[in-house]
Amino acid sequence: MRFYQKIDGGVHVSAREYDVAADAALSEGQVVRLSEGRVMPALAGQSTAVLGVAAESHSGSADALNPRANGTKVLVMDDPAAVYCCAAPQITAVGGSETTLVFAEGRSFSADDFNGGFVRLLRKGAGSTNGDAVGTLRAVSDFAVTPGESGTLTLERGGAPNAGDVYALFPPVGFAKGNLNDGRDGIVLTASSNLALRVVGRDETSNSICVMAKKHVFAVEA
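Numbering that gives the first Met the number 0 applies: residue 0 is where the sequence shown begins, and numbers increase by one.
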């Protein structure tokens, strides 16, 4: 994740040093937490308070060019008011109509979770007859679930999604579900954990979502 701004519009953020195990592996831009007073990568389904986002990488291995790589301190952007951007989660259609999009990743979520969001067509599957142009943005008015099978987004009228079409999904402001990806620097929809992060906006030009801490070490838990 990259720093975007503070929730009050400020564009500067500081980073402070925290203790870290010498052999801990951290990447710049990774969401981090505290465990027994030391910085660790966030869990995939991190639901408890986060510390912030790593401001530098810490490989945990000796590096002749970077003595901090296996040191005992690491810099973290720890402001509870910081807003970060990451790629919008992607979904793959399994079908749909001129007003619906069906996707398997939706099976783990609850009805109405994506109401008020948007989808953008990123690329079409082989042989797709979807009438929308790549880049088309469509509003989501409703979301329904077939448990264990799929989820269905109700969209403003447009081209019918075909199986294999890939979309960026911009969840609505306040959305706080999903999982962190393997790198812990983005959100994916492989599960519906109650994350310690919430969506606070989107950047359509870069197909990104903006998030901030919902539960933070230095803030009241929401």
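Glycine is no exception: its CB is placed at the ideal position from the N, C-alpha and C atoms.
Original post:
Between the beta-carbon of residue 52 and the beta-carbon of residue 105, is there less than 8 Å?
Top reply: no
**OP:** Would you list the one or two residues that DSSP bridges to residue 98?
**Re:** BP columns for residue 98 are empty, so no partner.
**OP:** Note down the Cα distance separating residue 85 from residue 69, rounded to an integer number of angstroms.
**Re:** 27 Å
Original post:
Can you list the beta strand (DSSP E) stretches of 3 or more residues lying completely in the segment 77-143, in chain order?
Top reply: 81-86, 89-96, 99-102 and 117-122
Original post:
Cα separation between residue 28 and residue 83?
Top reply: 9 Å
**OP:** Could you work out which residue in 67, 166, 205 and 211 is closest to residue 194 when comparing CA atoms only?
**Re:** 211
Subject >> Runs of alpha helix (DSSP H) lying entirely within the segment 188-217, each at least 4 residues, in chain order >> reply: none
Original post:
Given residue 43, which residues of its chain have a CB within under 7 Å of its CB, disregarding the five upstream and five downstream residues?
Top reply: 178 and 179
Original post:
Once you ignore the five residues that flank residue 163 on each side, which residues in its own chain have a CB closer than 6 Å to its CB?
Top reply: 124
Original post:
In three-state terms, what does DSSP make of residue 53?
Top reply: strand
**OP:** Determine the direct distance from the alpha carbon of residue 109 to that of residue 34, and round the result to whole angstroms.
**Re:** 31 Å
**OP:** Rounded to whole angstroms, what's the CA-CA distance from residue 134 to residue 103? Just pull it up for me.
**Re:** 21 Å
**OP:** Check each candidate in 214, 171 and 18 and name the one with the smallest Cα separation from residue 202.
**Re:** 171
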